[in-house]
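Working notes, beginning with the structure itself.
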Amino acid sequence: MSTKTLQPYSIRQVDLSDLSLLKKVQHTVKNKSLLHMPFLLLTQDESIAAFSLATVSEDNNLAVEICYSTNVSEQLSIIFKNKAQLYFKQQLLTMFGSEESLKRGISHFHNWANPNGNSKLV
């Protein structure tokens, strides 16, 4: 009897090659009408267990949303949420320079993926 060993989880940044995978789990986004940009993934065995989104709310505030495509333990969920919040504050805001620049970046990213999940940039 063969038993498949699951690989450990990993947390990494989203890149353009992840768009097709993200398209498959996009249904887990709570409020699809908000502008959003995925920025961090929790993966296992080359599949997405969870992802974080930078969102612009209806009242133009920035927030972080976490979406789960599979069940993960509460401990792992807390670790991923903390990592996403830290990355958002220390990396994403720094990379864009200001909240307004990040909001513009989210607005641009939101239109980068076509309905097939491919990048319009390619």
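Take 127 as the starting number for the sequence shown in the working numbering and just add one per residue.
Note that the Cβ used here is the ideal one computed from N, Cα and C, for glycine as well.
- prompt: With burial defined as no fewer than 16 other Cβ atoms inside 10 Å of the residue's Cβ, what is the status of Lys150: buried or exposed?
  reply: Exposed, since its Cβ has fewer than 16 Cβ neighbours within 10 Å.
field: Where Gly231 falls: helix, strand or coil (DSSP)
entry: Helix at Gly231.
field: Close beta carbons around Leu147, own chain, < 6 Å, minus the five adjacent residues each side
entry: Ile174
task: Can you tell me the Cβ-Cβ gap for Glu191 and Lys156, rounded? I've got them flagged as a contact below 8 Å.
output: 6 Å
query: Which one of Gln217, Ser183, His153, His236 has the shortest CA to CA distance from Leu166?
result: Gln217
Neighbour-count burial assignment, Ser178, 16 or more Cβ in a 10 Å radius: buried
Exposure of Ala189, with buried meaning 16 or more beta-carbon neighbours within 10 Å: exposed
- prompt: In chain order, what residues of the same chain have a beta carbon less than 6 Å from the beta carbon of Lys207, not counting five sequence neighbours either side?
  reply: Ile192
query: Terminal residues of the continuous alpha helix (DSSP H) containing Phe274?
result: Since the first residue shown for the chain is 127 and the last is 248, residue 274 is missing from the structure and cannot be characterised.
field: CA-to-CA distance, Lys229 to Asn197, given in whole angstroms
entry: 30 Å
- prompt: Would you call Pro164 buried or exposed, if buried means 16 or more other Cβ atoms sit within 10 Å of its Cβ?
  reply: buried
message: Measuring only the C-alpha atoms, how far is Gly223 from Gly231?
response: Distance from the CA atom of Gly223 to the CA atom of Gly231, rounded to whole angstroms, is 11 Å.
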